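Numbering (the working numbering), first residue to last: 1012 to 1258. All residues carry an ideal CB built from backbone N, CA and C; glycine is no exception. Note that this is a predicted model, so its numbers are computed, not measured. Notes follow once the structure below has been shown.
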Ligand code: SAM
C-alpha cells in the first residue's frame, strides 16, 4: 500500500514510522511511504505556501494553488508507479473521527493521499473541491497534520496482511468485533503474590478461549460501555458477562 503525504515539514517523516513493525513492513514492500514537500509546488522565488486570511484575524492559511498542484502531481506519480490512486484525505480536527473501522476500510485501498494542514488550517476550497473527506484523530487541536498522518499510516499498515509476524495478532486487538482486547499475562506465573489466572496455565484451549471472550466482554462493559451499547450482545455473551460480573 502506498501513502503520499503532503507537508511543509517533510523532514518530520518517517519519524516513528522508521522503526519496528512499520519499518519492517516497509522492508517487506507492504508500505511505500512517499513524502512530498508542499513548498516544491509553490511559485519561486519565495515558494510561499501560506497567506493571511481574508477578513482579517490572526494566523496564516495554507494557499490553495500549491495544494491542488501537489495532489495532481502525487496522484499522477502514484499511478505511474502502478498504484490505483485512492482517496485524498485532509487531516483536520473537524473531520470524521479516525477509528479502527476506518482504518480497516482504508487498509483495502492501494493508495491514499494525506494532506497535513498547519497554522489556521487550509483554504476552504481545498476541503470543498480537492479532498474526498477529512479525518480527525480526536477532539483536540494539534499544530499540524503530520502526527495525525503518522498515526493513521501506522494503524492502517499494521492491518496489512503479513505486516505482523503472527498472522493472528490483529484478530483480537481492541475494537475488533467492537470489543476491547482480553487481559494478557506473561511469565512469571506468580509475582509478589499476584498470580496469573489458573485457566491460562491449564493447557485447556477451549476453556482459555472461553475465558478470554468473557474477559473481553467484561473489559468492554467496564471501560467502554458505549461500545457494547452500539454493538449489542448475543444471549450467550450476555450470560458470559453476567457470570464474569458476579465472579
Ligand atoms: N483552526 C483549525 C480548527 O480549529 O479547526 C485548526 C488548525 S490546526 C492548528 C493546524 C492543522 O493541524 C490542521 O489543519 C490539521 O491538518 C492538523 N490537526 C490539528 N488537530 C488535528 C486533529 N485532531 N486531527 C487531525 N488533524 C489535526
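Residue i CB to nearest heavy atom of ligand 1 below 7 Å
i	result
residue 1154	yes
residue 1018	no
residue 1102	yes
residue 1148	yes
residue 1212	no
residue 1209	no
residue 1131	yes
residue 1067	no
residue 1059	no
residue 1026	no
residue 1199	no
residue 1204	no
residue 1159	yes
residue 1151	yes
residue 1111	no
residue 1105	yes
residue 1128	yes
Helix, strand or coil at residue i [DSSP, three-state]
i	result
residue 1181	coil
residue 1203	coil
residue 1124	strand
residue 1246	helix
residue 1040	coil
residue 1131	coil
residue 1046	strand
residue 1165	helix
residue 1068	coil
residue 1149	coil
residue 1155	strand
residue 1062	strand
Proximity winner among the options, relative to residue i (alpha-carbon distances)
i	options	result
residue 1162	1021, 1078, 1257 and 1028	1028
residue 1194	1180, 1257 and 1223	1223
residue 1167	1150, 1208, 1141 and 1123	1123
residue 1093	1020, 1053 and 1013	1013
residue 959	1045, 1218, 1116 and 1034	In the structure displayed, the chain extends from 1012 to 1258; residue 959 sits before or after that span and is not available.
residue 1063	1114, 1040 and 1132	1132
residue 1078	1020, 1134, 1169 and 1255	1134
residue 1034	1176, 1188 and 1100	1176
residue 1032	1096, 1165, 1087 and 1201	1165
residue 1186	1200, 1208, 1219 and 1237	1237
residue 1230	1245, 1256 and 1250	1256
Residue span of the alpha helix (DSSP H) that contains residue i, given as start and end
i	result
residue 1117	1111-1118
residue 1084	1075-1091
residue 1135	1135-1140
residue 992	Residue 992 is absent from the model: the chain starts at 1012 and stops at 1258.
N- and C-terminal bounds of the beta strand (DSSP E) containing residue i
i	result
residue 1105	1099-1108
residue 1013	1013-1018
Problem - Validate contact between the region 1120-1128 and the region 1153-1161 using beta carbons, cut 8 Å, 3 pairs - result: Cβ pair count under 8 Å is three or more, so yes.
Exercise for the section: Evaluate contact between the region 1038-1051 and the region 1063-1083, counting only Cβ atoms and requiring at least three cross-stretch pairs below 8 Å. Expected result: Contact between the region 1038-1051 and the region 1063-1083 is present, with at least three C-beta pairs closer than 8 Å.
Problem - Cβ pair count under 8 Å reaching 3, the region 1136-1150 against the region 1099-1106 - result: The region 1136-1150 is in contact with the region 1099-1106.
Handout entry: Cβ pair count under 8 Å reaching 3, the region 1181-1194 against the region 1054-1063
Key = Output reads no: the region 1054-1063 does not touch the region 1181-1194.
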